[in-house]
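Here's the structure we're looking at; comments come further down.
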Amino acid sequence: MKPDLNELMKKAAEMQEKMQKAQDELANVEVQGESGAGLVKVTMTGRHDVRRVAIDASLMSEDKEILEDLLAAAVNDAVRKVEKNNQDKMGGMMSGLGMPAGFKMPF
């Protein structure tokens, strides 16, 4: 029995729509990266846009380099959390497609 081309195209379009919806949802998720035991916090969206930066007032008396390092560490923490969240959410969707682990979609 031959696969119905129209049915395959319909399923592909549905999957593409689901993927786009999932990507849009992930883009709006916010995560918070921290450093210095929570003295510096960075809130970032799933698209890696920084929404907020919070620096505890006690750090204002520190050297500029220390503050820069803490800010960089908080941003890096947020980036790792965004990537993990995206991977977890999209990985679950991809497993339903039977794609190999680590497969990257072309869009």
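Counting with the UniProt record's numbering, you get residues 1 to 107 for the letters of the sequence shown.
Where is the CB? At the ideal position from N, CA and C, for every residue including glycine.
- For K81, the CB contacts under 7 Å within the same chain, skipping 5 residues up- and downstream, are V31, G33 in chain order.
- The DSSP-derived three-state label of V42 is strand.
- Residue range 30–35 is occupied by the beta strand (DSSP E) that includes E30.
- When DSSP states are grouped into helix, strand and coil, R80 belongs to the helix group.
- When DSSP reads this structure, R52 sits in a beta bridge with T43.
- Annotated three-state conformation of D24 is helix, per DSSP.
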